[in-house]
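Participant: Please find one structure pasted underneath; my questions will follow.
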Amino acid sequence: MYASKAKKLGLADVFVDESFRLKAGIQLVKDIASGKHTTNKSKGLSVKDKALLFGPFKSFVISKAKDNVMAKTKGNYPAPLEILKCLEHHPGKSRDEAIKREIEGFTKLLHSPEARQLIRLFFLMNSYKKNPYSEDLSEAPEHLSVLGAGLMGNGISTVSIDNGYKVTLLDLSDDALKKAKKNTSEYLEKKVKRKQISRSDYQKLLNDLQLVESGEPVKSDALIEAVFEDLELKQKILKKWSEHLDSDVLIATNTSALPVTEIAEVCTNPERVIGMHYFSPVEKMPLLEIVKTEKTNNVALAKAYDIGLKQGKVCIDVSDGPAFTRLEF
Numbered sequence: 001m002y003a004s005k006a007k008k009l010g011l012a013d014v015f016v017d018e019s020f021r022l023k024a025g026i027q028l029v030k031d032i033a034s035g036k037h038t039t040n041k042s043k044g045l046s047v048k049d050k051a052l053l054f055g056p057f058k059s060f061v062i063s064k065a066k067d068n069v070m071a072k073t074k075g076n077y078p079a080p081l082e083i084l085k086c087l088e089h090h091p092g093k094s095r096d097e098a099i100k101r102e103i104e105g106f107t108k109l110l111h112s113p114e115a116r117q118l119i120r121l122f123f124l125m126n127s128y129k130k131n132p133y134s135e136d137l138s139e140a141p142e143h144l145s146v147l148g149a150g151l152m153g154n155g156i157s158t159v160s161i162d163n164g165y166k167v168t169l170l171d172l173s174d175d176a177l178k179k180a181k182k183n184t185s186e187y188l189e190k191k192v193k194r195k196q197i198s199r200s201d202y203q204k205l206l207n208d209l210q211l212v213e214s215g216e217p218v219k220s221d222a223l224i225e226a227v228f229e230d231l232e233l234k235q236k237i238l239k240k241w242s243e244h245l246d247s248d249v250l251i252a253t254n255t256s257a258l259p260v261t262e263i264a265e266v267c268t269n270p271e272r273v274i275g276m277h278y279f280s281p282v283e284k285m286p287l288l289e290i291v292k293t294e295k296t297n298n299v300a301l302a303k304a305y306d307i308g309l310k311q312g313k314v315c316i317d318v319s320d321g322p323a324f325t326r327l328e329f
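Residue 98 in the working numbering is what sits at position 98 of the sequence shown, and the numbering runs on without skipping anything.
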């Protein structure tokens, strides 16, 4: 949930820029203590909502709510159904009786197999938010070159600028670059409309995307190649780039099936060449497969993880080989 919505719902009192968080928090505590600030209370149910939940239409409303829950969860999440049972129970009951019923429902859910698996999933997902090679990361990449302004390259550059990177997007086609910028602009515009970012944030993020109508090597901290799935083409391009880039610059190829080892073999310093398999659409799909060869060093892995995690991806590293998109070994 975004901060603006939390404040609107009464779940938060104020929201501020992250850089002022501590100072604002201290001031809020002082204001509450002195009586200058009262906590933001939820407005509660409207007259219409009360009539629907506690009046003659209650059974119909609860029934429709159950249908909606089942349509979305397929019955795999018992918590929303338990909430509806509480809503059925509460009308005409005292506060103590209502709280007792909710405690019973919560206790039942807490010991359910679904709760155990969701807790397990929570810890697993948190474990994948950490860089297992962080000790080998001396300097985090800040500027990315993305080669190829097609569907994947466009998506990669969009999630990159949206998460703090400066990106140089390269393509031989001016039309492809213009289309990519249009897509990125529309993506950010949606975030403005949802109040996820401000208008000034929108412009700043868009300014972090530089378009270059060329395939020639440019200076950056990491290269992510996202051209067509053609082995010879990728080898030709990355061989040339590897000869011009500094030896510590990460070189990543976005591929779903091509052998990363054969791509790395033609490159200078093959130990810094890695596969970064993004899933389409990049802006929505969370998984990122980081494909390592036998020569890939931990520094390359550390940088690839750092980029993926900053982009908001769930990262796993897999060994290069047949069906690397299906096997983790």
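Each residue gets a CB set at the ideal place from its N, CA and C atoms; glycine is no exception. Being a predicted model, the structure only gives us computed values, none of them experimental.
From the DSSP output, which residues share a beta bridge with Glu225?
Facilitator: One-based indexing of the sequence shown puts residue 225 at position 225. Per DSSP, Leu147 and Thr253.
Participant: First and last residue of the beta strand (DSSP E) that includes Leu211?
Facilitator: As a position in the sequence shown, residue 211 is number 211, starting the count at 1. Per DSSP, Leu211 belongs to the beta strand (DSSP E) from Leu209 to Glu213.
Participant: For His277, which residues does DSSP report across the bridge?
Facilitator: To locate residue 277, count along the sequence shown from 1; it is residue 277. In the DSSP output, where bridge partners are listed per residue, His277 has Glu289.
Participant: Going by DSSP in three states, Ser319 sits in which element: helix, strand or coil?
Facilitator: Start at 1 with the first residue of the sequence shown, and residue 319 comes out as number 319. In this structure, Ser319 counts as strand in the three-state DSSP scheme.
Participant: Taking C-alpha atoms, which residue in Leu172, Asp201 and Leu209 lies nearest to Asn183?
Facilitator: By 1-based counting over the sequence shown, the position of residue 183 is 183. Of the listed residues, the one whose Cα sits closest to Asn183 is Leu209.
Participant: Pro281: which of Gly153, Ser112 and Leu144 sits nearest, CA to CA?
Facilitator: Locating residue 281 in the sequence shown gives position 281, counting from the first residue. When only C-alpha atoms are compared, the closest one is Gly153.
Participant: Can you list, in chain order, the residues of its chain whose CB lies under 6 Å from that of Ile119, leaving out five sequence neighbours each side?
Facilitator: As a first step, residue 119 is located in the sequence shown; it is residue number 119 there, counting from the start. There are no such residues.
Participant: If you reduce the DSSP assignment to three classes, tell me which class Lys30 lands in.
Facilitator: Here residue 30 is taken as the residue at index 30 of the sequence shown, counted from 1. It is helical.
Participant: By how many angstroms is the C-alpha of Ala79 removed from the C-alpha of Leu109?
Facilitator: In the sequence shown, residue 109 corresponds to position 109, counting from 1. In the sequence shown, residue 79 corresponds to position 79, counting from 1. Each residue's alpha carbon lies about 7 Å from the other.
Participant: Check each candidate in Gly150, Arg199 and Asp162 and name the one with the smallest Cα separation from Asp175.
Facilitator: For the purposes of this step, residue 175 is taken as residue 175 along the sequence shown, with counting starting at 1. Ranking Gly150, Arg199 and Asp162 by Cα distance to Asp175 puts Gly150 first.
Participant: Across which residues does DSSP place Lys166 in a beta bridge pair?
Facilitator: Locating residue 166 in the sequence shown gives position 166, where the first residue counts as 1. In the DSSP output, where bridge partners are listed per residue, Lys166 has His143.
Participant: Only counting runs of 4 or more residues, tell me where the alpha helix (DSSP H) segments fall wholly within the region 76-141, in order along the chain.
Facilitator: 78-89, 95-110 and 113-127
Participant: Report the three-state DSSP secondary structure of Asp201 (helix, strand or coil).
Facilitator: Residue mapping note: residue 201 aligns to position 201 of the sequence shown, counting from 1. Looking at Asp201 - three-state DSSP - the assignment turns out to be helix.
Participant: Compare the C-alpha of Thr38 against each of Val16, Gly75, Gly10 and Lys72 and name the closest.
Facilitator: The count along the sequence shown starts at 1 and reaches residue 38 at position 38. It is Gly10.
Participant: As a quick exercise: from Met125, Cys86, Lys93 and Ser112, pick the residue whose alpha carbon is nearest that of Glu102.
Facilitator: Locating residue 102 in the sequence shown gives position 102, counting from the first residue. Checking every option, the nearest Cα to that of Glu102 belongs to Cys86.
Participant: Name the one or two DSSP bridge partners that Val314 has.
Facilitator: By 1-based counting over the sequence shown, the position of residue 314 is 314. Leu287, per the DSSP bridge assignment.
Participant: Please report the straight-line C-alpha distance between Ser198 and Lys191, rounded to a whole angstrom.
Facilitator: Start at 1 with the first residue of the sequence shown, and residue 198 comes out as number 198. Start at 1 with the first residue of the sequence shown, and residue 191 comes out as number 191. Distance between the alpha carbons of Ser198 and Lys191: 8 Å.
Participant: Determine the DSSP secondary structure at Asp174, reduced to helix, strand or coil.
Facilitator: The residue you call residue 174 lines up with position 174 of the sequence shown. Asp174 falls in the helix class under three-state DSSP.
Participant: For Ser186, which three-state DSSP category applies?
Facilitator: One-based indexing of the sequence shown puts residue 186 at position 186. Looking at the sequence shown, residue 186 is not Ser but Glu. Helix, per DSSP.
Participant: Relative to the C-alpha of Asn207, which candidate in Ala24, Lys240 and Thr168 has its C-alpha closest?
Facilitator: Within the sequence shown, the letter at position 207 stands for residue 207. Asn207 has its Cα closest to that of Thr168, out of Ala24, Lys240 and Thr168.
Participant: What is the residue span of the alpha helix (DSSP H) that Thr73 lies within?
Facilitator: On the sequence shown, position 73 is the one that residue 73 refers to. Counting along the chain, the alpha helix (DSSP H) containing Thr73 begins and ends at Lys58 to Thr73.
Participant: Which of the three DSSP states is assigned to Lys7 in this structure?
Facilitator: Residue numbering aside, residue 7 sits at position 7 when the sequence shown is read from its first letter. Three-state DSSP puts Lys7 in a helix.
Participant: Once the 5 residues before and after Leu287 are set aside, which same chain residues still bring their CB inside 6 Å of it?
Facilitator: By one-based count along the sequence shown, residue 287 stands at place 287. Closer than 6 Å at the Cβ level, and outside the excluded window around Leu287, lie Phe279 and Val314.
Participant: What's the call for Val260, buried or exposed, on a 16-neighbour Cβ count within 10 Å?
Facilitator: The sequence position of residue 260 within the sequence shown is 260, counting from 1. Residue burial annotation: Val260 is buried, with at least 16 other C-beta atoms found within 10 angstroms of its C-beta.
Participant: Given this structure, state the Cα-to-Cα distance separating Lys303 from Thr107, to the nearest angstrom.
Facilitator: The residue given as residue 303 occupies position 303 in the sequence shown. The residue given as residue 107 occupies position 107 in the sequence shown. Rounded to whole angstroms, Lys303 to Thr107 spans 44 Å at the Cα level.
Participant: Under the three-state reduction of DSSP, which class applies to Met152: helix, strand or coil?
Facilitator: Residue 152 sits at position 152 when you count from the first residue of the sequence shown. Met152: helix per DSSP, three-state reduction.
Participant: Using the Cα positions of Leu231 and Glu216, report the straight-line distance between them to the nearest angstrom.
Facilitator: Mapped onto the sequence shown, residue 231 falls at position 231. Mapped onto the sequence shown, residue 216 falls at position 216. Straight-line Cα distance between these residues: approximately 19 Å.
Participant: Is His37 helix, strand or coil when you go by DSSP?
Facilitator: Here residue 37 refers to the residue found at position 37 of the sequence shown. Correct three-state label for His37: coil.
Participant: Would you decide whether Asn126 is buried or exposed? Buried here means 16 or more other CB atoms lie within 10 Å of its CB.
Facilitator: Along the sequence shown, read from residue 1 onward, the residue named residue 126 stands at position 126. Asn126 should be labelled exposed.
Participant: With a cut-off of 8 Å on the beta carbons, I'd call Lys7 and Phe15 a contact; round off their distance for me.
Facilitator: Along the sequence shown, one-based indexing puts residue 7 at 7. Along the sequence shown, one-based indexing puts residue 15 at 15. Lys7 to Phe15, Cβ: 6 Å. Contact.
Participant: Do Leu177 and Leu211 have their beta-carbon atoms positioned less than 7 Å apart in this structure?
Facilitator: Counting from one through the sequence shown, the residue named residue 211 turns up at place 211. Counting from one through the sequence shown, the residue named residue 177 turns up at place 177. The answer is yes: Cβ separation under 7 Å.
Participant: What did DSSP end up calling Ala12 once you bin it into helix, strand or coil?
Facilitator: On the sequence shown, position 12 is the one that residue 12 refers to. Of the three classes helix, strand and coil, the one that applies to Ala12 here is coil, per DSSP.
Participant: Within 10 angstroms of the Cβ of Ile161, are there 16 or more other Cβ atoms? Answer buried if so, exposed if not.
Facilitator: Residue mapping note: residue 161 aligns to position 161 of the sequence shown, counting from 1. Flag for Ile161 reads buried.
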